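Below you'll find the structure, written out as structure tokens, and then a few comments.
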Amino acid sequence: MPVPPSSQRWLLPVLVVVVSLMVGGGLLAREVYRLPESTPDAVIALPSSTARPAAEQPGPGTVELTPDAAAHPQHAVISQLLQTYFDAINSRDYDQWKTTVTRARIQAKPRASWLEDYDSTKDGSILVYRIDAVTATDLRVLVGFTSVQDPTAAPAELPDATCVHWKLGLPVALEQGHWRVDAVAGYTTPEMSRC
């Protein structure tokens, strides 16, 4: 059905406004979701741990970020926090580990218990997939990593496993002005599979 000539006068300005809004919205979305120009504190990578031969597991101990995680405003702080957290586990340094976790987590995992749990553990191929804000003082960090350990220390779900691929949501809380890994809530079920 043709548009009457009297209606054509306002149709062109409306069409220009709609197109302008669409272009402007697209440019705004591109800016919001664009990766930072420079991410010197973060290594951006894609998952590669599952492709490693068994002899090379668990892979490097360096925390890496997907582009999605690297776009989060707290990516550098969270990357450094997790680097220190995993370094402490790999070097069996309980005092260093305590600097990365909340008071509640320290109370739940005293030194003797922690040393026993991580006695043979070595973590690597650490990849942060996402960082999501839960509240202003709570984040959820989706992280995957590979762990090798003595078969007697394997998770109950994977008896005698010497190598496990993990994927879990780590809660990170702001405590006394610093981001810290919090106790994993009971409703959070980590994904795990044998290497």
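The opening residue of the sequence shown carries number 1 in full-length UniProt numbering; numbering runs sequentially from there.
Note that beta-carbon positions come from the ideal geometry of N, C-alpha and C, so glycine has one too.
These numbers were taken from a predicted model, which means no experiment stands behind them.
Residue nearest to residue i in terms of C-alpha spacing, selected from the options
i           : options                   : result
D68         : V172, I131, H178 and T162 : I131
residue 201 : A112, Y94 and I126        : Since the first residue shown for the chain is 1 and the last is 195, residue 201 is missing from the structure and cannot be characterised.
R105        : E191, M192, R194 and A183 : A183
G169        : G124, P159, G144 and P155 : G144
W97         : P190, V181 and E191       : V181
I78         : T152, P60 and V128        : V128
T66         : A173, L142, Q80 and T162  : L142
G124        : L139, P110 and T146       : T146
Run of the alpha helix (DSSP H) containing residue i, from where it starts to where it stops
i   : result
A55 : Looking at the DSSP string, A55 is not in any alpha helix (DSSP H), and its letter there is neither H nor E.
H75 : H75 to N90
P67 : P67 to A70
Straight-line gap, residue i to residue j (C-alpha atoms, nearest Å)
i    : j    : result
K122 : E157 : 19 angstroms
A55  : C195 : 11 angstroms
Y85  : T100 : 6 angstroms
Y94  : Q83  : 14 angstroms
E175 : A112 : 24 angstroms
D119 : P73  : 35 angstroms
H178 : P190 : 25 angstroms
H75  : Q149 : 29 angstroms
A71  : K167 : 20 angstroms
D117 : I89  : 10 angstroms
Start-to-end residues for the beta strand (DSSP E) that takes in residue i
i    : result
H165 : C163 to E175
K122 : K122 to T135
E191 : E191 to R194
Exposure of residue i, with buried meaning 16 or more beta-carbon neighbours within 10 Å
i    : result
Q107 : exposed
E64  : buried
P58  : buried
T137 : exposed
L115 : exposed
P171 : buried
V134 : exposed
A91  : The question names Ala, but residue 91 is Ser in the sequence shown. With fewer than 16 other Cβ atoms within 10 Å, it is exposed.
G102 : The question names Gly, but residue 102 in the sequence shown is Thr. With 16 or more Cβ atoms within 10 Å of its Cβ, T102 is classed as buried.
Cross-strand partners of residue i (DSSP beta bridge)
i           : result
residue 200 : Shown here, the chain extends from 1 to 195; a query on residue 200 therefore has no answer.
W179        : L174
T146        : G124 and H165
Proximity test, residue i beta-carbon vs the ligand NAD heavy atom, cut-off 8 angstroms
i    : result
V181 : For the ligand NAD, the structure offers nothing, since it holds no ligand at all.
Neighbour flag for residue i against chain D, beta carbons, 9 angstroms
i    : result
C195 : Although the question refers to chain D, the structure presented lacks it and comprises just one protein chain.
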